[in-house]
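Enquirer: So for the sequence shown, our numbering puts the first residue at 3; every next one is plus one.
Input: one structure, supplied below.
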Amino acid sequence: MGQREEEYILELLFQLTISYRALYEEEQTQEIVYGLKQINELNHRLLNRVRDLRKGEQWSTKEDTIEMIKHHINLAPIIKIWVGHAASHAFEKVSA
């Protein structure tokens with residue numbers, strides 16, 4: 003189970019970089035800049051989860067990770083659609 007979660011998170015990280023680029027190409031409003039900051043925070047926390055999975059540590063859980071993603075989307079609603087697309091694409095790649 004940890005291996006599949008790790009594969010998914012790594013693919014999600016890749017997809018989030020695409021989301022970041024797409025948002026970055028928009029007019030740089032304060033809302034978009036804040037959204038980019040939240041995507042960066044997501045990447046940081048997802049990388050922490052991968053590290054925990056690889057080391058067998060329990061600093062975070064799958065449930066914590068899901069709640070953290072929701073939290074950052076709530077902070078910057080402009081990223082909701084992009085994070086959703088990233089999550090869907092990651093799921094498609096890992097489930098294929």
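Positions of the beta carbon are idealized from the N, C-alpha and C atoms, including for glycine.
Can you tell me whether DSSP reads W61 as helix, strand or coil?
Expert: Here W61 sits in coil by DSSP.
Enquirer: For T31, is the classification buried or exposed, using 16 other Cβ atoms within 10 angstroms of its Cβ as the cut-off for buried?
Expert: Per the 10 Å Cβ criterion, exposed.
Enquirer: With distance defined between alpha-carbon atoms, name the residue in I80, R56, Y36, N50 nearest to D66.
Expert: Measuring from the Cα of D66, the nearest candidate turns out to be N50.
Enquirer: Does the structure place the segment 53 to 67 close enough to the segment 83 to 97 that three or more beta carbon pairs sit under 8 Å?
Expert: No, they do not touch.
Enquirer: So the alpha helix (DSSP H) T31 belongs to, where does it begin and stop?
Expert: Counting along the chain, T31 falls outside any alpha helix (DSSP H), and DSSP gives it neither H nor E.
Enquirer: What's the gap between the Cα of E28 and the Cα of S21?
Expert: The straight-line gap from Cα to Cα measures roughly 11 Å.
Enquirer: Within 10 angstroms of the Cβ of L77, are there 16 or more other Cβ atoms? Answer buried if so, exposed if not.
Expert: So L77 ends up on the exposed side.
Enquirer: Could you name the residues of the same chain whose beta carbon sits closer than 6 Å to that of I47, not counting the 5 residues immediately before and after it, in chain order?
Expert: This sequence places Arg at residue 47; Ile is not what is there. Taken in chain order, the residues that qualify are M70.
Enquirer: On the premise that I80 lies in contact with V52, defined as a C-beta separation below 8 Å, what is that separation, rounded to the nearest angstrom?
Expert: Incorrect: roughly 26 Å between the Cβ atoms, too far for contact.
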